[in-house]
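What follows is one structure encoded as structure tokens, with my remarks underneath.
4 protein chains.
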Amino acid sequence: MSLPAGEVTENTLTELAPLLTAGDVIVETGNSFYRDTIRRAEWLARQGLVLLDQGTSGGIWGLEIGFNLMIGGSREAFARLEPAFATLAPPDGYLHVGPSGAGHFVKMVHNGIEHGMLQAYGEGFEILHASDFTELDLRAISHLWNQGSVVRSWLLELAERSFEKEPDLASIRGYVEDSGEGRWAVAEAIDKDVPAPVLALSLLMRFRSRQEDSFAAKVIAGLRNEFGGHAVKPQE
Amino acid sequence: MSLPAGEVTENTLTELAPLLTAGDVIVETGNSFYRDTIRRAEWLARQGLVLLDQGTSGGIWGLEIGFNLMIGGSREAFARLEPAFATLAPPDGYLHVGPSGAGHFVKMVHNGIEHGMLQAYGEGFEILHASDFTELDLRAISHLWNQGSVVRSWLLELAERSFEKEPDLASIRGYVEDSGEGRWAVAEAIDKDVPAPVLALSLLMRFRSRQEDSFAAKVIAGLRNEFGGHAVKPQE
Amino acid sequence: MSLPAGEVTENTLTELAPLLTAGDVIVETGNSFYRDTIRRAEWLARQGLVLLDQGTSGGIWGLEIGFNLMIGGSREAFARLEPAFATLAPPDGYLHVGPSGAGHFVKMVHNGIEHGMLQAYGEGFEILHASDFTELDLRAISHLWNQGSVVRSWLLELAERSFEKEPDLASIRGYVEDSGEGRWAVAEAIDKDVPAPVLALSLLMRFRSRQEDSFAAKVIAGLRNEFGGHAVKPQE
Amino acid sequence: MSLPAGEVTENTLTELAPLLTAGDVIVETGNSFYRDTIRRAEWLARQGLVLLDQGTSGGIWGLEIGFNLMIGGSREAFARLEPAFATLAPPDGYLHVGPSGAGHFVKMVHNGIEHGMLQAYGEGFEILHASDFTELDLRAISHLWNQGSVVRSWLLELAERSFEKEPDLASIRGYVEDSGEGRWAVAEAIDKDVPAPVLALSLLMRFRSRQEDSFAAKVIAGLRNEFGGHAVKPQE
């Protein structure tokens, strides 16, 4: 079952359950919140049904090289379905990571890390872009860094492709969505008293990227005008 | 001498020095970088001249209630000019804080704190503004909080004034300048291995407020498109 | 009713409700999560009872100067109890800020701002403390700043008292608890897509202050050893 | 010339220059600050000497797979020495990125990104470590993620090695040094008004990792005691 997290997944499970036979296994491969998964697995277990949660990574490239699968739930059910996982994933690319919810949990943390890495690359390239060295070739530098540097990664290989299409990303607006998993990762950090400033800031900068204007900044501009007579920029 | 920090101050001191007599005292009241002040004081001392550095706070309200003065340099020169400082400042509102540069240093840290406080208020009011409680009256809440709450402050009194003029700050663009002192405060923190995330972020959010678009966010939007096929918002 | 947020408040309301008469008003003055308050008010309303939520600020000083009260819920009930609020609060120090939950909501944001202000002061004083100007008198500077500077506030008046007791805070461990409201403020910001880096970082630095060691830092130290052969500090 | 950045490099160049013949090329492969490099290249150019700056990445693994080289300076000198660079680097692993200083500049940004990536991984693993899913195997998850997930990278391959040696990193203290380049990257961002919160926070968390106690946190603990009577933890 591969559906958007939330209501659709909830409703589909509710409709699906009565149609199944005891011992049947549902593999839920969406980006569900792991606590929802735990609750649903318990509900299904009371009906003799098994829910495996599968966090899935690799994006649209999975079709080509296989999908990365983080699986939570019954170890027996996992063993039963292992041939399917092995077919979908690249070698060593699937793992039973823990009980119900653990697959979605590990995927959630994966996405938090992804947010942080993307923001780190984004900031680095922005510093290069803003530099007095005006001739820096971001595609060439991405390609260079992928040959043995400490920051080499698959995301950086994609950066090569992105900068190849358009060296200055002129047509792209700096507007970044988020899928929900990054929020849950930060919420989980807060829930467990884990200081995770990079994951948090990566998320907050996405929020900022989607604002036409910042109310906080308006407040500050207004206050600076009050105490220092600093000029305020009017709305255009 | 009350001039913009940097070249103007430097040049004026250079022109002024030969016109003075040994023992003369210059009070430099601008927002100079404290290391420049230390260097200038040494240069002037070699000519028998005294430089006092005066960090000044209070904004345009100083005219009415007196200016807050943080003074660095020779204690004797300070004592000689004390009647002037006492005239400019409110009661207890001036202090010899240390040797040359200390006045500008303390003012620099003051401005760093100011950045952090402003951002804290800005974020808080943005959360109120974005709330489902759509009828919250930001001016009334500012006024309320100033009556005995933990967050009461002079800046919050100014917030009352600001929201009174325009409850939703509609005419103000969220574009926030910075004077230089906030940057130096962060640079000083880095120089001394002091973790100062709030001072740093307050500064960085000002930078962000002045960007039409974020190159970092463009990079991320481009990468998300590469790996996940996530749609990119085109430039308008 | 003034009880710790959470189970105690929940249970007490459940026991209290059957003992009351239709039209009775309960004022809940703890630091409850505002969504709990909304739910409880609806539950009580179905029994003809009224719940007012009162966010309370001012700390232990309220006894002396009055408490700052942010009140949510029925406007009629508020009007009925206004004499009590007026008695508890300093002049202008209580306000009906909105419907059920709004009082606790405004208090939650207040505490988020408080976190940010405290962290801003903390970082500023740490920069002063780490400075080459080794003779800076933090109590004297706090007192100075309170005389007309931009950063003057009640918290800064308390800083005077704190540094007066102990100039270098030598006996205090840098271990900072949090009450829950700061977390909810950050969660609310995330829920509403509000970038609130200063509120978030103030919270995360409190978490960090309570860690003996950082697992994230252990990971990084380990990785730096792997790629660069950088020495790792062993546990003592 | 491969020496620690700073005085040693400066002095060695000063001693070396008079021993060289016009047209000679010095390749400076340390982690020098790029503005120092520009200055030194100009100074050497006035003596007919050529300075190439080579940022070098890959850590101790370079010996095995080749070093990643980012080279700045004269394009002719670069062409002359290209066989040497090609010998040191893996295929496509060296590049002339720009004029004098550009090599060290690009390396500086590389290290800033590295800081951010390391912190992102560190925080992610800390969230896994703090989880209620107590059986998560961090080595196995690192290995899994390296098979086709979005966050796969060389650093994550090293994480496998690190967790293999010691699953919970028990013997490692969470104490993280920094080499200087990360600081310069943040300073450069500030100099160019680039909001780089993740690079900044990664640096600041390293500072925090090296503190026995936090003065900022002591200030906050003291203030919370003043306003709320909250207990202070004494020093042990």
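Chains as they are written, first to last, in my numbering: chain A, 1273 to 1508; chain H, 1273 to 1508; chain L, 1273 to 1508; chain E, 1273 to 1508. Cβ coordinates follow ideal geometry from the N, Cα and C atoms, glycine included. Just so it is clear, the structure is predicted and the values come from calculations on it, not from any experiment.
The beta carbon of E:Q1391 sits closer than 9 Å to some beta carbon of chain L. Neighbours of E:D1485 in chain L, taken as residues whose beta carbon is under 7 Å from its own, are R1445, G1446 in chain order. Against H:V1466, the close residues of chain E are F1479, in the order they occur along the chain (beta-carbon pairs closer than 7 Å). Counted as a single uninterrupted DSSP element, the stretch harbouring L:S1274 is not any beta strand (DSSP E), since DSSP gives it neither H nor E. For L:P1469, the neighbours in chain A by C-beta distance under 7 Å run, in chain order, L1473, L1476.
Taking 9 Å as the threshold, the shortest C-beta distance from A:I1413 to chain L does not fall below it. Listed along chain H, the residues sitting closer than 8 Å to E:A1459 by beta-carbon distance are A1459, I1462. Assignment of H:E1300 by DSSP, reduced to helix, strand and coil, places it in the strand class. As for any alpha helix (DSSP H) of minimum length 4 sitting wholly inside the segment 1415-1450 of chain E, the runs are 1426-1437, ordered along the chain. Taken atom to atom, the span from the alpha-carbon of L:R1478 to that of H:W1456 is near 25 Å.
Under DSSP, H:M1380 takes part in no beta bridge, so it has no partner. Judged by DSSP in its simplified three-state form, H:S1329 adopts strand. The residue from E:G1396, E:E1398, E:M1389 with its alpha-carbon nearest to that of A:G1394 is E:M1389. Contact of L:N1303 with chain E is not assigned, every C-beta pair being separated by 9 Å or more. In the structure shown, E:P1506 adopts extended strand secondary structure according to DSSP, grouped into three states.
In terms of beta-carbon proximity, E:F1357 stays away from the interface with chain A, with every pair separated by 9 Å or more.
Scanning H:Q1419, H:V1280, H:R1496 for the CA closest to the CA of H:E1300 turns up H:V1280.
The C-beta of A:I1337 comes closer than 9 Å to at least one C-beta of chain E.
Residue pairing by DSSP puts H:M1342 in a beta bridge opposite H:G1327, H:L1367. About 6 Å separates the beta carbon of L:G1500 from that of E:I1332, a gap short enough to meet the 8 Å contact definition. In the DSSP assignment, no residue is bridged to E:V1470. Note on geometry: alpha-carbon atoms of H:D1463 and L:I1298 lie some 54 Å from one another.
Look at the segment 1422-1436 of chain H: the residues with a C-beta under 8 Å from a C-beta of chain E are V1422. A direct Cα-to-Cα measurement between L:E1407 and H:F1305 gives close to 19 Å. Between the beta-carbon of L:F1339 and that of L:A1361 there is about 6 Å, and that keeps the pair under the 8 Å contact cut. In the same chain as H:M1273, and ignoring 5 residues on each side of it, the C-beta atoms closer than 8 Å to its own belong to T1281, T1284, L1285, L1288, I1298, V1299, E1300, T1301, G1302, in chain order. In terms of Cα proximity to A:E1429, the closest of E:E1398, E:L1430, E:V1422, E:I1310 is E:V1422. Nearest to H:A1412 by C-alpha distance, out of L:E1508, L:H1387, L:L1471, L:I1343, is L:I1343.
At least one CB of chain H lies nearer than 9 Å to the CB of L:Q1419. Here the alpha carbon of H:L1341 sits roughly 22 Å from the alpha carbon of H:L1316. Pairing H:S1481 with H:G1454 gives a Cβ-Cβ distance that is not under 9 Å. The Cβ atoms of E:L1441 and E:V1458 do not sit closer than 9 Å to each other.
Counting along the chain, L:L1335 sits inside the alpha helix (DSSP H) bounded by residues 1334-1337.
9 Å or more divides the Cβ of E:R1433 from the Cβ of L:Q1507.
Taking a beta-carbon distance threshold of 9 Å, H:K1505 counts as an interface residue toward chain A.
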